[in-house]
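Have a look at the structure below, then the notes.
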Amino acid sequence: MKPDFLSDVRLADFTWAGAGPFGTKIFSDFGADVIKIESSVRLDSVRTGGPFKDRRSGVNRSGYFASRNTGKKSVVLDLKSEEGRRIAHDIVRHSDVVSNNFGPGAMERLGMDYETVRRIKPDIVYLSMPMYGEDGPRAELLGVGMTISAVTGLMWSTGYRADDPVGPGTHYPDHAANPYHAAFAVLAALRHRRLTGEGMKIDLSQVESTINFIGSAMVRCAAEQHDRPQPGNASWRMAPQGIYRCAGDDAWCAITVATDEQWAILAAILGGAAMAERFASVEARLGARSEIDRLVGAWAAEKGADLVAETLRTAGIPAALVANARHLIEHDRQLAERDYWQRVAHPELGHSLYASPPYRVDGERVELARPPLLGEHTRDVLGDLLGLSDTELDRLETAGVFK
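When you line the sequence shown up against this note's numbering, it's residues 45 to 447, in that order.
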């Protein structure tokens, strides 16, 4: 479908790196006019961070940047210059939302803090996404997704048993908790503005937002007044649960037994009626996790991960193979059925593969628009939106405002 249900919304997007651009991409994917205000002097870090198409670097060749900025327009401005700030203020005057994920004080130094912006556009929705929020004893501390994973305890929850904390393998807060919480907050603020005519400032602490994702662990630690040992892939409530090696090269399957009935089925598959009775209760299974893991592991090791997962799922036991990227793209039937992967043409990236939004509107998949080249839309936006003439645009470009 052609996304258009947010077509009456415009964002002046000052975000960069991971969480911020992903949050505003949710709007551009569904038809909002998202104007990404950038600088060729201080580039968005993911433009230069790769991975790069064909392993050849370039400001328009980063797959990470491309995946987080589909459908946006790119305007380059020197916000340290008086004319650059004036143009940015004019863009804000024509916008519904201003977004940033800088540390406290950065937008103020650029003349784009909330109080300044509100004087320009009184009903603006203003999104700020610092690591610890804009005030408080830790507000000046800066960090990225991996830092947030560490300070919130997410790394502890994904660590191996009785070992040091281990990260989830990616900047998880940038890809899940924070962009979606930010987008939901902006949508709620836009609805509030539609009903009341009032704008709103949203101060989203990315640390607090990420804690929401591990809320049950936080409550448990607060209630028990101590940390339990790290469970690794195991569960405190279910057994067996783990990642079991299967036949083949680096092949694994995730298996969880959530009920006594599921255990009886698994025990029958493993070939042991006595085993089923011996570990009939979850308490017995939790007390014998290591022994049960060895039995399940020995059974799985003789079969391919696909066969293990299919056998157990057919029997009613939660199981899934541990998939690499190639498998997800070429063999995952669920993603294929939902037409999840899209090829989008790009001047420098060619016809590259992108992930669809994991949700639909009226049952229809959104067709993604390509990410922008650096500064690609500067003259178009300033001409069409602000009404600047070609002569004035030429003057500004010669003066170095477009950088």
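All C-beta atoms in this analysis are idealised placements derived from N, C-alpha and C, irrespective of residue type, glycine included.
What you are looking at is a predicted structure, and each value in this text was computed from that prediction instead of being measured.
Residue pairing by DSSP places Ala291 opposite Gly348 in a beta bridge. For the region 392-440, the continuous beta strand (DSSP E) assignments of 3+ residues that do not extend past its boundaries occur at 394-399, in sequence order. Counting along the chain, Tyr170 sits inside the beta strand (DSSP E) bounded by residues Val169 to Ser172.
Ranked by Cα distance from Trp296, the options Glu335, Ala266, Ala342 and Glu321 are led by Ala342. Residue pairing for Val78: DSSP places it in a beta bridge opposite Leu55. One thing to note: Gly203 has its Cβ no nearer than 9 Å to the Cβ of Gly292. For Lys245, the beta-bridge partners assigned by DSSP are Tyr170. With at least 16 other beta carbons inside 10 angstroms of its own, Gln285 counts as buried. In this structure, the CA atom of Leu418 is about 13 Å from the CA atom of His390.
Closest by C-alpha distance to Met282, out of Leu339, Tyr108 and Thr300, is Thr300.
Spanning the alpha carbons of Asp383 and Val326 requires a straight line of approximately 39 Å. Nearest C-alpha to Gly243 among Glu354, Cys290, Ile168 and Tyr288: Ile168. Taking C-alpha positions only, Gly331 is separated from Leu314 by approximately 19 Å.
The C-beta distance from Leu121 to Val445 rounds to 7 Å, short enough to fall under 8 Å. If you check the CB distance, Asp247 and Gly62 do not come in under 9 Å. Boundaries of the alpha helix (DSSP H) harbouring Gln378: Arg377 to Glu381, taken from the DSSP string.
Counting C-beta pairs closer than 8 Å gives fewer than three between the region 255-275 and the region 305-321, which falls short of the contact rule.
Thr442 sits in a helix when the DSSP states are folded into three classes.
Classified as buried, Tyr170 has 16 or more neighbouring CB atoms from the shown chains inside 10 Å of its CB. The residue among Leu412, Gly211, Thr68 and Lys80 with its C-alpha nearest the C-alpha of His225 is Thr68.
In this structure Ser143 is in contact with Asp57, their Cβ atoms being roughly 5 Å apart against a cut-off of 8 Å. Relative to Gly276, the option among Leu198, Ala232, Ser260 and Pro402 whose CA is nearest is Leu198. Annotation for Val141: the continuous beta strand (DSSP E) segment containing it runs Val141 to Asn144. Within 10 angstroms of the beta-carbon of Phe323 lie 16 or more other beta-carbons, which makes it buried. When DSSP states are grouped into helix, strand and coil, Val120 belongs to the strand group.
For Gln269, the three-state secondary structure derived from DSSP is coil.
Per the DSSP secondary-structure output, Ala364 pairs in a beta bridge with Ala298. Going by DSSP, Ala320 is part of the alpha helix (DSSP H) stretching over Ala317 to Arg322.
Counting only residues of its own chain and dropping the five nearest sequence neighbours on each side, Asp337 has a CB closer than 7 Å to the CB of Pro284 and Gly286. Burial is judged here by how many other beta carbons sit within 10 angstroms of a residue's own beta carbon; Asp77 has at least 16 and is buried. The Cβ atoms of Met175 and Val230 lie no closer than 9 Å to each other.
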